[in-house]
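Reading through the structure tokens given below for one structure.
In the numbering used here, the protein residues as written are 23 to 184.
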């Protein structure tokens, strides 16, 4: 099974920061794990148990190294990994995921446009604002669902070039 994966964290360092949300999308269903609620090494292992391929954006440099460091008992090396960032670059689509989404006219309803805003939402949630967690989960959902749409756009672009 192929799954689209994105994580939210408290910062960029896998050594100093924590994973706050892990989201996956299989093309039909979104599953999210949240730190302090249901995110454990066991729940993450269950989440990816039947996964053969993961699709990320910058996941080779960020998501997978971060997860491998935080959850060393889970072997991510046996998963085929398609990092869309590099595929986008091959087609001349430069920039981060949000910039690519704008170029492809993909919508976002959450209004959150950066990982820094996601970090701030987590902090507000930890200080008692439940609505901030809802917004963070919506942001993560948009990230993973839009990975699917970016991949489809890349497939169409590839067909045009053949």
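Even glycine gets a Cβ: it sits at the ideal position worked out from N, Cα and C.
Exercise for review: Give every residue of the same chain whose Cβ lies closer than 6 angstroms to the Cβ of residue 85, excluding the five residues on either side of it in the sequence, and list them in chain order.
Suggested key: Excluding sequence neighbours, residue 85 sits near 29, 78.
Exercise for review: Less than 8 angstroms between the CB atoms is what I'm expecting for residue 102 and residue 75, so what's the real figure, rounded?
Suggested key: Contact check for residue 102 and residue 75: beta-carbon distance about 4 angstroms, within the 8 angstroms limit, so the pair qualifies.
**Study point:** Which of helix, strand or coil DSSP assigns to residue 118
**Key:** Correct three-state label for residue 118: coil.
Exercise for review: For the beta strand (DSSP E) holding residue 102, just list the boundary residues, first then last.
Suggested key: From DSSP, the beta strand (DSSP E) with residue 102 extends over 102-105.
Check your understanding: What number of angstroms, rounded off, separates the C-alpha of residue 27 from the C-alpha of residue 49?
Key -> Straight across, the Cα-Cα distance linking residue 27 with residue 49 is about 11 angstroms.
Review point. Can you tell me whether residue 34 is buried or exposed, with buried defined as 16 or more other CB within 10 angstroms of its CB?
Key: Under this definition residue 34 is an exposed residue.
Review point. Can you tell me the Cα-Cα spacing of residue 45 and residue 110, whole angstroms?
Key: Their backbone Cα atoms lie some 22 angstroms apart in a straight line.
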